[in-house]
Every structure is written in structure tokens, then in C-alpha cells.
Amino acid sequence: MKDIFADIPNEYKNEHFKQLNDYKEELRKDPKLKSLFIEATLACNEHCLHCGSNCGDVKMNTPLSDREIIGVLAKLKNDLMLDKKGLPFISVTGGEPLLRKDLISLMSEISKLGYDWGMTSNGLLIDKQTAIACKKAGMYSISISLDGLKESHEWFRQTENSYEKTLEAVDNLIEADIEKVMITTVIHKKNIDELDRIYEVVKKHNCKMWRITNIEPIGRALANKDLMLDKSDYKKILNYIADHQDDEIEILYSCNHYVGLDMERKIRPWYYFCRAGLEVASIQYNGDISGCLDIERRDELIFGNVREDDFYSIWKNKFDIFRQHKEEKSEKCSTCEHKANCQGGGYHTWDFDKNEPRLCMIEQLQ
């Protein structure tokens, strides 16, 4: 990923952001559903110290059946066709999605409806046969979690002997010719010094995409404050990504935060904005309709349930909280010089009680 804007003065970068912000204003009036997350299950075969959904600790009540999910997506397809709009990309996630019985058969049916799809997985259940089955079911992309070298990965994910299985999954998926296989690494206090060695592992396993993200103050991580990063750590992560853009592996920072004009296009091939409710929606395991699945699960952020409500109607009319300027309602953000571009950062780290971000990357990078 080469930063084609690296030598462009900031006033021109500001113009690019102005165009992006104009586009966001259009989305607030006419949202475009580009990504739809399907939460296949909250069951998990790991117990990660950072899990935003507290998977494995939450009792699941009446998960959606395959028939219900297919019915919702078939109806959505018809609604979008009537509106002359394209189908969203389906991202199936969990928990560990493959713990859902007959998941691949479900995704095959979704693929037959015309949806492209991908998955987020820990890889522990992806043997050669499963990888081939995913390919036959139409899988386009997959993100596999690798959170350090063997000791740190297995400690962080609380699962012995998972490191080798995770990397075997990467090998199996690449061998099965899945279009996009990406390794995702959550960086925290105890693995931040492993970046170079993790890079060598990614390279050794012929994975061409490596997404790096930082641990976030959400979910289970809130009880593991010793894992949180400090200012020097955030700078180290971003500088590492920026300094490795000429390598054969595409290394990028996740969509989590706005990091300032100088750094934005050095760390990912797009300019930041939080897409929740503008281009992204989710259907939770029980049918609840929400924004990004990493966002705190509060009553006011659940807009209906597909068992009772029409999803597309909810999408068009009920996501108001994500289509407002949250930064203007925040004492902290409303006076910030970066507010036009940052707009309060991601909703997944927004403190809805205090009306401010739990993590402001601009502060961390000063």
C-alpha cells in the first residue's frame, strides 16, 4: 500500500476530507447499505481478554434459525432491487462463527441469493476440508486472528495449543484459493514488542494482508486495564505501519480512529470515517438490529428485531443516532480543531453516558 498523497500539502489533504465529509452528509440523508454483519453465534471456543462482545459469558436466547436469516436476506434483496441499489457485503462473525451448526450450508444459500460474503474467525476449526467447503460456498474473504507469537497469542486468547492451529488455518485457506486471506492482530501492552517477529510469521505463511489494530476500552478489555497502551505505544504502532508500506505484505491499520492528516493515508488505503449506520448495519444472533457489532449494546442502540420488523424499513428510518453529529453534542469534541474530520471517532469507543470518546487518538499522538 503506497501512500499516493504522501507529499501532498495538508491544505490539499483537507480538500480530500472535505469531499469525504460532503459524502457523509449525503449518507446521513440517503444511507447506502454496503456492509451487513450477521452474528452467527455468541458461542466461542476461546476466551479472549479483549472480547468486545464478552463471548462465552453471555447466555444466548432464541438464536435466529437459518430459515429466518435467509428470509430476511431474500426480502432485503427484493427491497434493494426495487430501490435500484446493490446488495451489501455480508460479514459473518461471532463468537466463533463455525460453532454454529451447518454454518457453511447457510452461507452457501446466502451466496446463491447473490450476496458476496466473508468471515471473521479464530481459525481453530478450519481444517483443509472446511477451507475447501468455504470456497465452494462462495467465501470471498476471511480475517484470522493472530495476536502475537505462541506464548502471547495463547495467553491473550486463553487457549492452549491454539497458535499452531491458527496458522494451519491460514495455510489451509490460502491453499483453498480464498480470494482474500487476512491476518488480524490486536496489539496490547504485552505483545507490542513482537511486531517485527509477527511480521516474519505472516510472511512465512504467505499471507499478503496483515491488519493491525490496538486493544480498545470496550467489553472484556475494560477489566484488563494492564493491557492498555500508552502514548508511546500508539505512536510506535502507527509509525511501524507507515514505515512498512513498501514491503510485499499489505499492512494496514484498522478502521478504528482518525489519526490526523499527516498520518491518515500512511496507514490505510482510505481516509477514516465511522461507517456505522451510514454504510454498515448488523443483525445480532437473536435478530436485534444494530450498527457495528463492536458498539456497546444499549437499549437505545437496538432499533428493532427482524422477527417483528422489516429490516430495510428500519435501516432507512430508525438509525437516527448514527446520522447525527455526535461531536457537536460533546463538550470535549465540539471545540476540537479536528472535529470536522474525526467527528468524535468511532461509535464503538464512544461513551454514551459522558458524551465523549473513551479513547481519543489525537490526544494520544500529541
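Going by my numbering, the first residue of the sequence shown is number 8, and it counts up by one from there.
Note that the Cβ used here is the ideal one computed from N, Cα and C, for glycine as well.
Keep in mind the model is a prediction, meaning the values are calculated, not measured.
(request) With DSSP as the reference, label lysine 66 as helix, strand or coil. (result) Position 59 of the sequence shown, counting from 1, holds the residue named residue 66. Assigned with DSSP and collapsed to three states, lysine 66 falls in coil, not helix or strand.
(request) Ignore the nearest five residues each way along the sequence and tell me which others in serine 98's own chain have a CB closer than 8 angstroms to its CB. (result) As a working mapping, residue 98 is identified with position 91 in the sequence shown. Take serine 98, set aside five residues on each side of it, and the residues of its chain with a beta-carbon closer than 8 angstroms to its own are Ser42, Leu43, Phe44, Ile45, Trp124, Gly125, Met126 and Thr127, in chain order.
(request) Can you give me the Cβ contacts of methionine 8 inside the same chain, cut-off strictly under 8 angstroms, excluding the 5 residues immediately before and after it? (result) Residue mapping note: residue 8 aligns to position 1 of the sequence shown, counting from 1. Note that methionine 8 scores 44 on pLDDT, short of 50, meaning its location in the model is unreliable and no value can be drawn from it.
(request) Return helix, strand or coil for valine 266, following the three-state DSSP convention. (result) Within the sequence shown, residue 266 is the residue found at index 259, counting from 1. Here valine 266 carries a coil assignment [DSSP, helix/strand/coil].
(request) With DSSP as the reference, please indicate the residues paired to leucine 189 in a beta bridge. (result) Position 182 of the sequence shown, counted from the start, is the residue given in the question as residue 189. First, the residue type needs correcting, since residue 189 is methionine and not leucine in the sequence shown. Methionine 189 pairs with Ser150 and Met216.
(request) Would you tell me roughly how many angstroms separate the C-alpha atoms of lysine 238 and glutamate 370, rounded to the nearest one? (result) In the sequence shown, counting from the first residue as 1, residue 238 sits at position 231. In the sequence shown, counting from the first residue as 1, residue 370 sits at position 363. If you take the alpha carbons of lysine 238 and glutamate 370, they lie about 8 angstroms apart.
(request) Tell whether a beta-carbon distance below 8 angstroms holds between histidine 264 and methionine 368. (result) Sequence index remark: in the sequence shown, residue 264 carries index 257 (1-based). Sequence index remark: in the sequence shown, residue 368 carries index 361 (1-based). Their beta carbons are under 8 angstroms apart, which means histidine 264 touches methionine 368 by this criterion.
(message) Within a Cβ cutoff of 6 angstroms, which residues of the same chain sit near proline 38, ignoring the five residues on either side of it in sequence?
(response) Counting from one through the sequence shown, the residue named residue 38 turns up at place 31. Closer than 6 angstroms at the Cβ level, and outside the excluded window around proline 38, lie Leu285.
(request) Within the same chain, show all residues whose beta-carbon is closer than 7 angstroms to that of asparagine 179, passing over the 5 residues directly before and after it, in chain order. (result) Within the sequence shown, the letter at position 172 stands for residue 179. Contacts found: Ile133, Asp134, Lys135 and Ala138.
(message) Between which residues of its own chain and isoleucine 15 is the CB-CB distance below 7 angstroms, once the five residues before and five after are set aside?
(response) Position 8 of the sequence shown, counting from 1, holds the residue named residue 15. Model confidence at isoleucine 15 stands at a pLDDT of 47, short of 50, so the residue's coordinates are unreliable; what they give is reported in the following sentence. Here the set comprises nothing.
(message) To test your reading of the DSSP string, which unbroken beta strand (DSSP E) runs of 3 or more residues are found completely within the segment 95-137?
(response) With a minimum length of 3 residues, the continuous beta strand (DSSP E) runs that stay inside the segment 95-137 are 96-100 and 124-128.
(message) Using a Cβ-Cβ distance cut-off of 8 angstroms, determine whether phenylalanine 326 contacts chain B.
(response) Protein chain content of the structure displayed is limited to a single chain, and chain B is not contained in it.
(request) Would you decide whether arginine 314 is buried or exposed? Buried here means 16 or more other CB atoms lie within 10 Å of its CB. (result) Residue 314 sits at position 307 when you count from the first residue of the sequence shown. Classification for arginine 314: exposed.
(request) Enumerate, from N- to C-terminal direction, the unbroken beta strand (DSSP E) stretches of 3 or more residues contained entirely within the segment 28-95. (result) Taken in chain order, the complete beta strand (DSSP E) segments of 3 residues or longer contained in the segment 28-95 are 42-46.
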